[in-house]
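Residue numbers (this note's numbering): 44 to 609.
No residue lacks a Cβ here, since even glycine has one placed at the ideal position from N, Cα and C.
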């Protein structure tokens with residue numbers, strides 16, 4: 044029989060297990076709940092202090108150690124039962140707890156260092172000052188944490204009109220669909236000329252070459268400066284180092300250039316028509332030994348309520364959303380990179396579908412698992428559950444970066460997931476027998492793949508995707524911009540580049556397929572856009588210098604980011 048300290052430890056462990064079991068039941072139950080109740084691994088600390096002070100600190104995912112909710116009442120400073128969403132400025136360093144005793148405080152500990160912070164104290168509490176600042180990230184406690192403040196996310200006029208129609212006009216979605224069919228098909232298509240006998244310059248060998256029928260030299264029109272070549276000349280399917288951006292490479296191809304051994308395989312994809320065979324594809328590869336990957340939700344998208352698409356058993360009208368929530372309160376969505384990461388940021392690109400498109404309308408997937416709404420997790424906090432059968436880009440708390448089709452068995456990873464975003468089904472996945480990347484089983488099924496576009500499966504449009512590739516034990520994340528393509532052209536391209544797994548991101552406009560790299564100058568960050576017209580989405584200072592999207596201002600859309608490792 045355990046006695047003394049041993050018994051106390053046993054009791055504490057049993058209490059913890061019982062608490063986690065209750066929280067897992069809250070997470071899984073199909074019922075209305077709060078976003079806090081959606082966090083199965085959360086922990087809480089409560090303290091009471093002098094003069095009516097009471098404080099509760101909720102650590103939303105202790106393993107990830109990034110997001111917290113502070114509930115506080117401090118009558119002397121005018122704080123009456125308010126909730127504050129805090130973000131750890133350095134989750135790998137600071138452990139944040141709530142200290143008790145006669146004078147409660149937030150306690151920041153790092154390798155023996157210990158700092159106390161009482162942001163509720165005084166006639167003008169630091170929490171209220173940070174709240175009034177209006178900053179998306181307002182520093183508190185000596186910049187060891189940020190208060191996340193509610194802000195409006197930027198959007199283009201096109202995006203604002205489409206959103207107004209969808210939200211306020213009967214048959215608004217149909218009207219937007221008509222606009223897409225009339226104006227978006229091939230609207231951004233680029234078809235670079237090929238130069239017979241042209242000099243492509245010096246090629247980077249880190250990623251090898253795609254499987255192409257021949258080696259034409261393309262005259263491309265990207266916004267990147269490449270080492271070893273000039274004037275946008277690139278050998279199709281080859282990789283070039285991006286200047287002043289170690290570990291980042293660029294490539295270009297047209298799907299019609301892919302080797303016939305891949306392009307002409309039967310039964311895997313639809314045939315590519317003349318237009319998409321000639322449409323430019325620009326790719327950017329990141330050596331993941333040099334980068335960390337993260338994901339941040341936009342101020343508005345993806346939303347948390349129901350998509351209009353699922354039907355039958357795919358929808359429960361008794362809950363506000365597929366996960367029991369339709370709002371993130373008291374959590375705050377800022378749609379912007381944390382200031383603690385700005386000095387290391389290397390690239391950003393937009394995420395996946397909005398919520399209304401991010402669920403299935405056709406096929407069996409529309410009728411169970413709540414219609415397979417695409418899930419997403421930011422900083423270890425579940426905002427929408429990860430659903431089996433869906434393509435998932437994820438990052439674990441140890442920095443592992445992966446891409447796969449999610450399964451029920453993968454739920455065991457949930458405590459350790461720092462970031463995740465789902466978007467549809469696989470474009471390319473490993474062949475079960477050989478392990479080589481091949482087109483996913485739903486690439487040819489328009490409704491079955493929820494690829495968006497026309498019901499006749501004949502609408503080509505601007506699309507973006509991402510894939511993972513392993514080269515001699517080194518992992519690369521590859522982003523690809525397709526100036527006009529169907530999923531079949533995307534699958535064949537990723538297959539030709541030797542991808543292990545590939546998924547769709549977003550589509551239809553350069554706002555939704557935005558991608559930029561960043562270098563530094565004396566004036567700060569300099570964005571370099573994959574396609575020059577993407578620069579119009581950035582804001583401008585009075586002197587004309589750009590303010591980069593996702594980094595310099597809040598945006599309504601979700602995005603991925605890459606930062607250089609320390």
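Can you find the residues in the same chain that come closer than 8 angstroms, C-beta to C-beta, to residue 87, ignoring five residues on each side of it along the sequence?
Setting aside the 5 residues that flank it on each side, residue 87 is surrounded in the same chain by 99, 100, 101, 102, each with a C-beta closer than 8 angstroms to its C-beta; the list follows chain order.
Taking residue 168 and residue 117 to be in contact with their CB atoms under 8 angstroms, please state how far apart those CB atoms are, rounded to whole angstroms.
Yes, residue 168 and residue 117 are in contact; Cβ-Cβ is about 7 angstroms, under 8 angstroms.
Starting from residue 278, follow its DSSP beta bridges and name the residues at the other end.
According to DSSP, residue 278 bridges with 260.
At least three beta-carbon pairs within less than 8 angstroms, the segment 391-401 to the segment 342-352:
Using a C-beta cut-off of 8 angstroms, the segment 391-401 makes contact with the segment 342-352, since at least three inter-stretch Cβ pairs fall below that distance.
Buried or exposed: residue 450, going by 16 or more other Cβ atoms within 10 Å of its Cβ?
It is exposed - the Cβ of residue 450 has fewer than 16 other Cβ atoms within 10 Å.
For residue 388, count neighbouring Cβ atoms within 10 angstroms of its own Cβ and tell me buried if that reaches 16, exposed if not.
Classified as buried, residue 388 has 16 or more neighbouring CB atoms from the shown chains inside 10 Å of its CB.
Determine, using beta carbons only, whether residue 545 and residue 470 come nearer to each other than 8 angstroms.
Yes. Within cutoff.
Residue 597 versus residue 111 - alpha carbon distance:
Computed Cα separation, rounded: 21 angstroms.
Using the three-state DSSP reduction, which class does residue 110 fall into: helix, strand or coil?
In the structure shown, residue 110 adopts extended strand secondary structure according to DSSP, grouped into three states.
Report buried or exposed for residue 563, applying the criterion of at least 16 other Cβ atoms within 10 angstroms of its Cβ.
With fewer than 16 other Cβ atoms within 10 Å, it is exposed.
Using only the alpha-carbon positions, how far apart do residue 241 and residue 196 sit?
Model confidence at residue 241 stands at a pLDDT of 49, short of 50, so the residue's coordinates are unreliable; what they give is reported in the following sentence. Each residue's Cα considered, the two are about 45 angstroms apart.
By DSSP's criteria, residue 480 is part of a beta bridge. Which residues make up the other side?
Note: residue 480 sits in a beta bridge opposite 473.
DSSP puts residue 362 in a beta bridge; with which residues?
Bridge partners of residue 362: none, in fact.
Taking residue 252 as the reference, which of 350, 439, 104, 293 has the closest Cα?
Among 350, 439, 104, 293, the Cα nearest to that of residue 252 belongs to 293.
Between 482, 591, 533, 477, which has its C-alpha nearest residue 299's C-alpha?
It is 533 whose Cα lies nearest to the Cα of residue 299.
Please state the DSSP three-state secondary structure of residue 603.
Strand, per DSSP.
So, with DSSP's three-state summary, where would you put residue 12?
Past the edges of the chain, shown from 44 to 609, lies residue 12, and the structure says nothing about it.
So, for residue 73: in the same chain, excluding its five sequence neighbours on each side, which residues have a beta-carbon less than 8 angstroms away from its beta-carbon?
Contacts found: 359, 362, 367.
Looking at the strands, I want to know which residues DSSP matches up with residue 82.
Note: residue 82 sits in no beta bridge, so no partner.
For residue 184, list the residues DSSP reports as bridge partners.
Paired residue(s): none; residue 184 is not in a bridge.
Counting only the same chain and skipping the five closest in sequence on each side, list residues whose C-beta sits under 8 angstroms from that of residue 171.
Here residue 171 has 120, 121, 122 as same chain residues with Cβ atoms under 8 angstroms from its own Cβ, once five neighbours each way along the sequence are excluded.
CA-to-CA distance, residue 446 to residue 190, given in whole angstroms:
Between residue 190 and residue 446, the C-alpha separation is close to 31 angstroms.
Residue nearest to residue 355 in terms of C-alpha spacing, selected from 301, 325, 410:
Of the candidates 301, 325, 410, the one whose C-alpha sits nearest the C-alpha of residue 355 is 410.
How about the segment 600-607 and the segment 373-392: do they share at least three Cβ pairs that are nearer than 8 angstroms?
Segments in contact, yes.
State buried or exposed for residue 161, treating a residue as buried only when at least 16 other CB atoms are found within 10 Å of its CB.
Residue 161 comes out buried.
Cβ shell of residue 541 (< 6 angstroms), same chain only, five flanking positions each side left out:
So the list reads 512, once near-sequence residues are dropped.
Where residue 176 falls: helix, strand or coil (DSSP)
Residue 176 sits in a helix when the DSSP states are folded into three classes.
Measure the alpha-carbon distance for residue 448 versus residue 434 and round it to whole angstroms.
In this structure, the CA atom of residue 448 is about 5 angstroms from the CA atom of residue 434.
Which residues in the same chain as residue 166 place their Cβ atom closer than 7 angstroms to its Cβ, once the five residues preceding and following it in sequence are excluded?
So the qualifying residues of the chain are 120.
Helix, strand or coil for residue 412 per DSSP?
Residue 412: helix per DSSP, three-state reduction.
N-terminal and C-terminal residue of the alpha helix (DSSP H) that residue 538 is part of:
From DSSP, the alpha helix (DSSP H) with residue 538 extends over 530-539.
Hey, could you find the ends of the beta strand (DSSP E) residue 157 is sitting in?
Unbroken beta strand (DSSP E) run through residue 157: 156-160.
Measuring CA to CA, which of 134, 468, 507, 457 is closest to residue 416?
Comparing Cα-Cα distances from residue 416 to each of 134, 468, 507, 457, the minimum goes to 468.
Report all residues from its chain with a CB closer than 6 angstroms to the CB of residue 364; omit the five preceding and five following residues, and keep chain order.
Cβ neighbours of residue 364 beyond the five flanking positions: 347, 348, 349.
Reduced DSSP secondary structure (H/G/I, E/B, other) of residue 590
DSSP places residue 590 within a strand segment (E or B) once states are collapsed to three.
Can you tell me whether residue 190 is helix, strand or coil according to DSSP?
Note: residue 190 maps to strand in three-state DSSP.
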